[in-house]
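A short worksheet on the structure shown next.
Number of protein chains: 2
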Amino acid sequence: MPDLTTAFRQTGWVKRFGWYLCTFFLSLCSQSCTTKETPPSTDNSPSDFLYQYSIINALLAGVFDGNLTFGEVKKHGDFGVGTFNRVDGELVINQGKMYRIRSNGTVSEVSDRDSTSLAFVKFFKADSSFTIQTAGMTLDQVQKKIAAALPVNEIYAIRLKGQFSKMTTRAPAPAQKPYPTLNDHLARTQVIFNLTNTTGVAVGFLIPTYMEKVNVPGFHFHYLSDDLKSGGHVYDFTVTQITVEIDRTKGYYVELNTNADFGKVTL
Amino acid sequence: MPDLTTAFRQTGWVKRFGWYLCTFFLSLCSQSCTTKETPPSTDNSPSDFLYQYSIINALLAGVFDGNLTFGEVKKHGDFGVGTFNRVDGELVINQGKMYRIRSNGTVSEVSDRDSTSLAFVKFFKADSSFTIQTAGMTLDQVQKKIAAALPVNEIYAIRLKGQFSKMTTRAPAPAQKPYPTLNDHLARTQVIFNLTNTTGVAVGFLIPTYMEKVNVPGFHFHYLSDDLKSGGHVYDFTVTQITVEIDRTKGYYVELNTNADFGKVTL
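Listed in order, the protein sequences are those of chains A and B. The first sequence begins at -5 in the numbering used here and counts up one residue at a time. The second sequence begins at -5 in the numbering used here and counts up one residue at a time.
Here it is as structure tokens:
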């Protein structure tokens, strides 16, 4: 996971002057990208908040089942990431469509009747966007560029759309009871996918450190190729050309997992 | 602050069997209290979530001004605690009425036009209640009794209403810019009130440790006497006789402080 603190520290005096300076900073990369800025939305409805079901520490502790259907999830957002009961794959939600990437590499649409043990979603509405045309930029470099342009201590939904010369993802196999911790499960079952010259979308969030234990601090992306043939939790990528869209949230809300396991673990 | 982990550890096997066992445990104290149990609500609207404006770490870091009026706060709850811009007093909201306890000991109604830098509120609807008639029980003992009866890892709004033989509270004086950290400010300005034989209400929350940095882990109460002449942030009390009402939430949501100071501190 990238060091968010380090990435944010680079903002220097930027963070003292706020959102509108983003346009200035983004314009600095005019040789490699083009910028389009939309004023921050004044929407204060739940749709401008990140919604999440359960918390990351519950998943880390082995709470792999939840009681929320994806029919309910999509009432809270048309964009996001997450997983499934038994951690049976990686979730990508984009433009209201929900997909599962399994450890065998297959991509399938998610049924409204399936359930999740962890999901982070939002109704995505970009407040700003720019393109990166510097072929060869890595995930880490893209993240640093984004973080340097944003006010710190806030929560952002981020969509990266375009071509990637390399994309490394993973997906876990479904767990069997009694469930292990997530790290033990991933160490034993996750499958790594090394994609090349792939076109698609990486959806995710930039989360401040004060949300640790509840969400994943730093950047967190899941990928889905446009041909719906590959994807997963993003480990690394190299850009050919992408558009970056950023949706600044007003905050977040957490619905607790009502599965009995949630009350049995130390969180 | 009480050690929530320790308090919860005492629940032993209780936590493996959930909410309905509360009635059994509460009945164990039949000699000193009477119990009334309401099934957990099935309300999944925002009204059954804790709402909070800003986060505790921002206040700790000296972000003492916010942009949310109390006219807005009361749209999110009729019950709760918090503070005011410049930390000018302690907030008690009960049954929709909002009061400020200042460092000079005065109690006044809060104007809808005043603003807050931190508030935790909910629409209070008790899921269970019981009375404590054991004169002499301390805050710590009351907290342990409540925690032992509740499933862990969840968020509860709690109202304690009745007579207290002793009640120790505090309220801070308003801060001047440049703002110090909260602890420095409290060390210099807070005033302690030692009340005796007071009748009133303590409103507050029980917050799980995974919300540290965002809210106050453990129990957190503010007190208001029925005669509206005293109150403040609760440090300690001794019970004469009280009713305990518990409202189990479905989760929480956080609206970020839009004051520029929020982006200037390490959270």
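Backbone N, C-alpha and C fix where the C-beta goes; we use that ideal spot for every residue, glycine too. As the structure is a computational prediction, the values presented were derived from the model and not from experiment.
So, does the CB of residue i fall closer than 7 Å to a CB anywhere in chain B?
i	result
L15 (chain A)	Interpretation of L15 (chain A) is limited by its pLDDT of 40, a score under 50 that renders its predicted location unreliable; no figure is taken from the coordinates.
Y247 (chain A)	yes
K116 (chain A)	no
L189 (chain A)	no
Taking buried to mean at least 16 other C-beta atoms within 10 Å of its own C-beta, is residue i buried or exposed?
i	result
D220 (chain B)	exposed
T234 (chain B)	buried
P172 (chain B)	exposed
S105 (chain B)	exposed
T132 (chain A)	exposed
S224 (chain A)	buried
R94 (chain B)	buried
Q137 (chain B)	buried
E267 (chain A)	A query on residue 267 (chain A) cannot be resolved here, the shown segment of chain A reaching from -5 to 261 and no further.
G226 (chain B)	buried
E103 (chain B)	exposed
R96 (chain A)	buried
Q170 (chain B)	exposed
K69 (chain B)	exposed
D230 (chain B)	exposed
G74 (chain B)	buried
What is the residue span of the alpha helix (DSSP H) that residue i lies within?
i	result
A143 (chain A)	It is not in any alpha helix (DSSP H) - A143 (chain A) carries neither H nor E in the DSSP assignment.
G65 (chain B)	64 to 67
A52 (chain B)	50 to 54
A181 (chain B)	176 to 183
Which stretch, first to last residue, makes up the beta strand (DSSP E) that contains residue i?
i	result
A165 (chain A)	150 to 165
L218 (chain A)	212 to 219
R242 (chain A)	225 to 242
Q46 (chain A)	43 to 47
E249 (chain B)	245 to 249
T125 (chain B)	122 to 126
T77 (chain A)	73 to 77
V101 (chain A)	101 to 103
V259 (chain B)	Note, V259 (chain B): premise wrong, no beta strand (DSSP E); not H, not E.
F114 (chain A)	112 to 116
R94 (chain A)	91 to 95
N88 (chain A)	84 to 88
Using 7 Å as the limit for Cβ to Cβ distance, is residue i near chain A?
i	result
N147 (chain B)	yes
N51 (chain B)	yes
F256 (chain B)	yes
T183 (chain B)	no
K91 (chain B)	no
K244 (chain B)	yes
N251 (chain B)	no
A1 (chain B)	Unreliable positioning characterises A1 (chain B) in this predicted model, as indicated by a pLDDT of 31, which lies under 50. A coordinate reading is not provided.
L261 (chain B)	yes
D241 (chain B)	no
Q4 (chain B)	In this predicted model, Q4 (chain B) has a pLDDT of only 31, less than 50, meaning its place in the structure is not dependable enough to derive any value.
Of all the CB atoms in chain C, is at least one closer than 7 Å to the CB of residue i?
i	result
L133 (chain B)	No chain C is part of this structure, whose protein chains are labelled A and B.
Contact residues within the region 199 to 227 of chain A, judged by C-beta distance below 9 Å to chain B: P202, T203, Y204, M205, E206, K207, V208
Where the region 163 to 178 of chain B meets chain A: residues whose CB sits under 7 Å from a CB there: none
Within 8 Å of chain B by C-beta, residues of the region 58 to 71 of chain A in sequence order: none
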